[in-house]
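Some notes on the structure that comes next.
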Amino acid sequence: MARIRQATVFSLGDSSALSTWSNVPYFFTETLLHKGVQVNRVDLAPRLLAKALNRALVLCLRLFHSKSTFDYTRSIVHYWDVRRRIAKAERRFPDSDVNIFLTFSFSSAGLSDKPVVLFADWTYDHCITHFRERSPDRFEQGSVAREDFQIESADHVFVLFPRVAEHMRARYHNPNIHYLGNVVNALIPVDSAAVLRTKCSSSNLLFIGGKKYIEGARRLIAAYELLKPSFPALTLTLIGLSRQDFRSLPAGVECHGYLDKGRDDQRNTYYELMRNARVIVNTTPKWGAFSAMIEAMQFFTPVIVTPYDEFVRTFGRDIPFGMYCEDEHPSTLATLIEQMLTSARYARLCTEAHAAVQAFSWPAYIDRVLNIVEKPSPRRAPLLRAGDAQEAGR
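In numbering that gives the first Met the number 0, the protein residues as written are 0 to 393.
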């Protein structure tokens, strides 16, 4: 296709707000704007009434089927409401060159002749089968099938993680599933000399993650308590969790809860804590808050993380900017942290962390996306009937 001059970008939340999906829609759309592309923003998030309905539905489901991830946003009612809103956006922006969806769950397939581009981290099916280690239940299967339909029908599908991209290429017939690396969601530039001076004199451990990472936070707190007698100046900062999430906390542990980068005071606090961190640690099994981890690496912060698939596939089995923690016992983590605190090559770990994510800039990523979308590509996957979607994904 010709050069993209105007794109309609659909997101599950306000794409101009930094609080939406780890800042990804904000950076995606703002970078398009900086590239000279006119962006039409369309928010597909549920409305207020739907959010209230969702709370009631989730409560009922948890009473009778506690393990299901199904909610209103995965229902056929919400699906058809979103399709209606997509059709409305089509009429509102008839001159758009492409429809970009920052989700795999919805698209304009069957509603428009415009090229369809999907961008997300992983599929709903992957969320269930990989993270929850089970098959989709009867409530979830319909949403999985509808998502399969969107992916098979898209002109291009961009995936943030290499292993997920491999799974998707094996599952779907669509020939245009791309992995182009990841992206760092940093809002401010880094003064390398100043940051390195600060870090080399720091004794602060940093953890970033919400309640789904609480297991990793508890392990880090236990390791911190083991180290504190030998390192009296040691402190621990938790971003994304509050004191109410724990029964008790030892002295020297500070909780900040969620910090919204869209607010000046909270953004300043967030980056000040990142600049002052000696090491960022998250050893939650299977997932270590990847986005926060690589943002910290941009700020010259070495890492301690479990060797989960996507991190290893992205950076390799031997990382020159930190350590993998393969043992769940807090004493093992404490040993690794001690090595980080006393390492003679600590400054080199910092520079290696920064270097490892230099290719993950948003301008470079969007350039690669536009280069692929604007070129002739293999034949678009045939538009499927909704009832065929589940079979196509097998």
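Every residue, glycine too, gets a C-beta built ideally from N, C-alpha and C.
Rounded to the nearest whole angstrom, the C-alpha separation of F320 and G251 is 26 Å. Unbroken alpha helix (DSSP H) runs of no fewer than 4 residues, entirely contained in the region 51 to 122, are found at 75 to 91, following chain order.
Residue burial annotation: P174 is exposed, with fewer than 16 other C-beta atoms found within 10 angstroms of its C-beta. One Cα belongs to V194, the other to W286, and the distance between them is close to 27 Å. Scanning the region 297 to 326 for uninterrupted alpha helix (DSSP H) segments of 4 residues or longer gives 308 to 314, listed from N- to C-terminal end. Nearest Cα to N184 within the set T197, T28 and R133: T28. The residue from D124, F103 and C324 with its alpha-carbon nearest to that of V156 is F103.
Sorting D94, S74, S95 and S107 by C-alpha distance to the C-alpha of A86 places S107 at the top. Under the DSSP definition of a beta bridge, N281 partners with V304. In the three-state DSSP reduction, G35 falls in the coil class, being neither helix nor strand.
In the DSSP annotation of this structure, G141 is not part of any beta strand (DSSP E); the continuous alpha helix (DSSP H) holding it starts and ends at Q140 to S152. Burial of C324 is indicated by the presence of at least 16 other C-beta atoms within 10 angstroms of its C-beta.
If you draw a straight line from the Cα of S201 to the Cα of R145, it is about 50 Å long. Per DSSP, the beta-bridge partners of D42 are S10. In this structure, DSSP gives H328 a state outside helix and strand, which the three-state scheme calls coil. Within its own chain, the residues whose Cβ lies closer than 6 Å to the Cβ of G256, once the five positions on either side in sequence are excluded, are S241, listed in chain order. Nearest to D112 by C-alpha distance, out of A153, V143 and L101, is A153.
Look at the beta carbons and you see the region 203 to 216 touching the region 230 to 249: at least three pairs across the two are nearer than 8 Å. Counting along the chain, G215 sits inside the alpha helix (DSSP H) bounded by residues I213 to L226.
In its chain, beyond the 5 residues on either side, G180 have a beta carbon closer than 8 Å to the beta carbon of A358. Contact between L101 and V8 is confirmed by a C-beta separation of about 7 Å, below the 8 Å threshold.
In this structure K66 is exposed. Its beta-carbon is surrounded by fewer than 16 other beta-carbon atoms within 10 angstroms. Counting every other CB atom within 10 Å of its CB across the protein chains shown gives C349 a total of 16 or more, marking it as buried.
In this structure, the alpha-carbon of M273 lies about 12 Å from that of L186. Taken through DSSP and simplified to helix, strand or coil, V252 comes out as strand.
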